[in-house]
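Chains as they are written, first to last, in this note's numbering: chain V, 226 to 340; chain G, 21 to 134.
Input: a single structure, listed below in structure tokens.
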């Protein structure tokens, strides 16, 4: 049972380059999320997708775009990478019950360095 | 004021002691509360969630919620060196939304020494 799978695990980019971080979940969850984690800042929400076909901005969306490709996949794109985007990126997903969204489950993360 | 605040660490306790981790939140309408454990270099792992006032126990872990005081805590009994990690408090935002957007605290580093 893979859960939430992120690729790549590590990446080094030069300033101005673009790249896409991939995320896929096999738990049939409706909602998916992208976070970044910086030292002392905790987890900050970049974008989320409440369900297939919808996406919304989170706390720190500038410099990023997302695509909810289908129910399983949610990608994060950096169009023109900047050193300030050096971070660890986590994808998460959650299901839904009569109590609302269930707890989020996280992927292993992508460690991204921008030079 | 941060929406979710955790007690500043790092917190150091001896093996076998009770570790107490605290979290306060500003949104009075928040309904769901989660504790995640994150080992260094790893992803957050859910260990407890609580929806109702009072205590919820799971093995050595007890989550406590007091909505009137806007306070949630995590107690770890018989602390083990393997409990050494960063503990993240997360609160589900209120406001009628159903997609479970969470706000995380900055985390508390716990060290359990032999």
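The beta carbon of each residue, even a glycine, is placed where N, CA and C say it ideally should be.
Note that the structure is predicted; figures quoted are calculated from it, not measured.
Would you please verify whether the beta carbon of residue 328/V is less than 8 angstroms from any beta carbon of chain G? yes
Please report the straight-line C-alpha distance between residue 275/V and residue 134/G, rounded to a whole angstrom. 44 angstroms
Return the first residue and the last residue of the beta strand (DSSP E) that residue 338/V is part of. 335 to 339
Residue range of the beta strand (DSSP E) that residue 75/G falls in? 74 to 78
Residue 112/G lies in the beta strand (DSSP E); which residues open and close that run? 105 to 112
Residue nearest to residue 283/V in terms of C-alpha spacing, selected from 76/G, 121/G, 31/G, 60/G: With distances taken between Cα atoms, residue 283/V lies closest to 121/G.
Measure how close the beta-carbons of residue 300/V and residue 291/V come, nearest whole angstrom, since I'm counting them as under 8 angstroms. The beta-carbon separation of residue 300/V and residue 291/V, rounded to 7 angstroms, stays under the 8 angstroms limit for a contact.
At least one CB of chain V closer than 8 angstroms to the CB of residue 30/G: is that the case? no
Would you kindly check if the distance between the Cβ of residue 129/G and the Cβ of residue 31/G is under 8 angstroms? yes
Suppose you measure from the CA of residue 118/G to the CA of residue 258/V; what does that come to, to the nearest Å? Residue placement at residue 118/G is poorly supported in this model, since its pLDDT is 46, which falls under 50; the coordinates still yield a value, given next. Going from the Cα of residue 118/G to the Cα of residue 258/V covers about 14 angstroms.
Measure the alpha-carbon distance for residue 296/V versus residue 254/V and round it to whole angstroms. Computed Cα separation, rounded: 7 angstroms.
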